[in-house]
Ligand code: GAR
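Numbering (the working numbering), first residue to last: 274 to 564.
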């Protein structure tokens, strides 16, 4: 039951605890307040009292829950929750967030930043991460996703590059965008065709330099330093059938200091990635011409 709730609300185990705590305390506060108000009025116990109590509690519930949600840090969650409930009565539906699949096979620090960024958008959330796809069962991203309550799809080479390319799973999960964050396999043509202009990748260097097969993680930073570059940075681009050659979307750069090592450069690059990737994804998805 808790697993289903976490999946439905897209919350971590700790956030689920805070949400349930808010429901409990908010509900108790609202019952207590309802009784206090009715006791101040000259209404005898009976059917009328019960009806008024139910009406009062219904009206007080959103206010009480919102007050408690401020204390538990869940205000953003509950404003969206209450708006959705009100929408059911008024017939107005909240915009449905686009579902993202993150493909990753590393530690998953970018995946985590993206998940948290969209979780923290409250009722303005335009996307949710619904699936993490990995070819590496031991990757850090697997545990991270589990802690966030996001299902993980483990993929095998043969089926990824032939057969149905796991398109059925992507379809089942109603995935609209594919986000590569440290995914090292080439994306097969069938997936590119199924997600036209809907696949983004991040690369830890200023493309078109230092891209292509074998250029990932520390290999990239070592090559950049060995080439005596003054700057490195990050590139976010659409994905096509060639490694790191899709339409560029965004770049940010950092200086390479004297004595820079691949490790120190990796830290600067990671900082840039975490700062920009979630925001760039959001802007990409919300472009006016996107359906
Ligand atoms: C990121 O630096 C990303 O740019 C890189 O893998 C790292 C994943 O880190 N991607 C490539 O090198 C693709 N060619 P993370 O697992 O901590 O998010």
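Cβ coordinates follow ideal geometry from the N, Cα and C atoms, glycine included.
Which stretch, first to last residue, makes up the alpha helix (DSSP H) that contains residue i?
i, result
"residue 342", "320-345"
"residue 440", "440-445"
"residue 376", "Here residue 376 belongs to no alpha helix (DSSP H); instead the beta strand (DSSP E) covers 371-376."
"residue 368", "Element bounds for residue 368: n/a, residue is neither H nor E."
"residue 538", "535-558"
"residue 413", "413-420"
"residue 260", "In the structure displayed, the chain extends from 274 to 564; residue 260 sits before or after that span and is not available."
Return the CA-CA distance between residue i and residue j, expressed in angstroms with no decimal places.
i, j, result
"residue 378", "residue 311", "59 Å"
"residue 529", "residue 281", "44 Å"
"residue 475", "residue 454", "6 Å"
"residue 500", "residue 481", "14 Å"
"residue 420", "residue 502", "39 Å"
"residue 431", "residue 375", "20 Å"
"residue 442", "residue 483", "33 Å"
"residue 351", "residue 339", "7 Å"
"residue 553", "residue 370", "16 Å"
"residue 498", "residue 522", "25 Å"
"residue 368", "residue 399", "8 Å"
"residue 418", "residue 315", "56 Å"
"residue 304", "residue 489", "58 Å"
"residue 519", "residue 380", "24 Å"
"residue 391", "residue 560", "17 Å"
"residue 361", "residue 337", "20 Å"
"residue 324", "residue 333", "14 Å"
"residue 538", "residue 341", "44 Å"
"residue 479", "residue 511", "14 Å"
"residue 465", "residue 551", "21 Å"
"residue 284", "residue 306", "30 Å"
Would you list the one or two residues that DSSP bridges to residue i?
i, result
"residue 510", "474, 521"
"residue 302", "The partner list for residue 302 (beta bridge, DSSP) is empty, contrary to what the question assumes."
"residue 407", "427"
"residue 388", "DSSP output for residue 388 lists no bridge partner at all."
"residue 528", "504"
"residue 569", "The requested residue 569 is not part of the displayed model; the chain covers only 274 to 564."
Let me confirm a value: residue i is counted as buried when at least 16 other C-beta atoms fall within 10 Å, else exposed. Which label applies?
i, result
"residue 532", "exposed"
"residue 358", "exposed"
"residue 297", "exposed"
"residue 416", "exposed"
"residue 494", "buried"
"residue 319", "exposed"
"residue 292", "buried"
"residue 406", "buried"
"residue 295", "buried"
"residue 508", "buried"
"residue 327", "exposed"
"residue 541", "buried"
"residue 546", "buried"
"residue 403", "buried"
"residue 438", "buried"
"residue 383", "buried"
"residue 505", "buried"
Which residues mark the beginning and the end of the beta strand (DSSP E) in which residue i is found?
i, result
"residue 359", "No beta strand (DSSP E) holds residue 359; the alpha helix (DSSP H) holding it covers 348-363."
"residue 503", "From DSSP, residue 503 is part of no beta strand (DSSP E); its letter is neither H nor E."
"residue 451", "450-453"
Please check if any C-beta of chain D sits within less than 7 Å of the C-beta of residue i.
i, result
"residue 558", "Although the question refers to chain D, the structure presented lacks it and comprises just one protein chain."
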